[in-house]
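S.K.:
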Amino acid sequence: KALELLAMSFLENLYRNKSLVQIMTMEAYSHQKQAKMIYKNLIEKVFHHFEEYLVGLSAHKNFRKFSSPLVARAFFGMFFFYFINQEFFFEKEISKFKKKEVVREYVDLFMKGIEKDG
55 KALELLAMSF LENLYRNKSL VQIMTMEAYS HQKQAKMIYK NLIEKVFHHF EEYLVGLSAH
115 KNFRKFSSPL VARAFFGMFF FYFINQEFFF EKEISKFKKK EVVREYVDLF MKGIEKDG
């Protein structure tokens with residue numbers, strides 16, 4: 055449940071800041087120094103906090119061994135890609151996925167992916 059709340063909060067934040075995300079995405083290549091600074095001071099910190107959460111969670115759950123930096127990026131990457139497709143590639147006009155449904159399915163897939171077999 056906590057991961058669903060985190061994912062929904064992340065998605066809502068992307069939607070609230072859609073123009074900023076669009077500018078950052080489009081201008082990152084032209085303004086690499088600033089893009090790297092934003093990445094290091096903002097995005098990387100989000101990943102780091104989530105990595106720490108995953109390490110703590112894995113100590114108490116039956117998870118397979120995994121690289122927490124990669125798994126953190128995979129988690130947020132699923133939702134970021136959903137947002138990009140919906141907003142910038144017009145998927146919202148083609149498929150009508152509800153955010154709650156997307157969050158539930160993606161979190162379920164994520165959790166099944168880090169669980170130990172058997």
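Everything in the sequence shown is counted per the working numbering, starting at 55 for the first residue and increasing by one. Built from N, CA and C at the ideal position, the CB exists for glycine as well.
#1: Would you list the residues sitting across from E169 in a DSSP beta bridge?
#2: Comparing C-alpha positions only, which one of I168, L74, E169 sits nearest to I92?
#3: For I97, which option in K170, E58, L65, R127 has the closest C-alpha, if you only look at C-alpha atoms?
#4: Are three or more beta carbon pairs between the segment 140-156 and the segment 81-91 nearer than 8 angstroms?
#5: Taking buried to mean at least 16 other C-beta atoms within 10 Å of its own C-beta, is F129 buried or exposed?
#6: Curious, which full-length alpha helix (DSSP H) runs of at least 4 residues does the segment 56-139 contain?
#7: If the criterion is Cβ atoms closer than 9 angstroms, does the pair K170 and N116 meet it?
#8: At the level of alpha carbons, what is the spacing between L59 and E147?
#9: What do you get for V161, buried or exposed, if any count of 16 or more other CB atoms within 10 angstroms of its CB means buried?
#10: Should I77 be labelled buried (16 or more other beta-carbon atoms within 10 Å of its own) or exposed?
M.R.: According to the structure data:
#1: F117
#2: L74
#3: R127
#4: Taking a contact to require three or more Cβ pairs closer than 8 angstroms, the segment 140-156 and the segment 81-91 do not qualify as touching.
#5: buried
#6: 56-70, 72-81, 86-92, 98-114
#7: Cβ distance < 9 angstroms, so K170 and N116 count as in contact.
#8: 26 angstroms
#9: buried
#10: exposed
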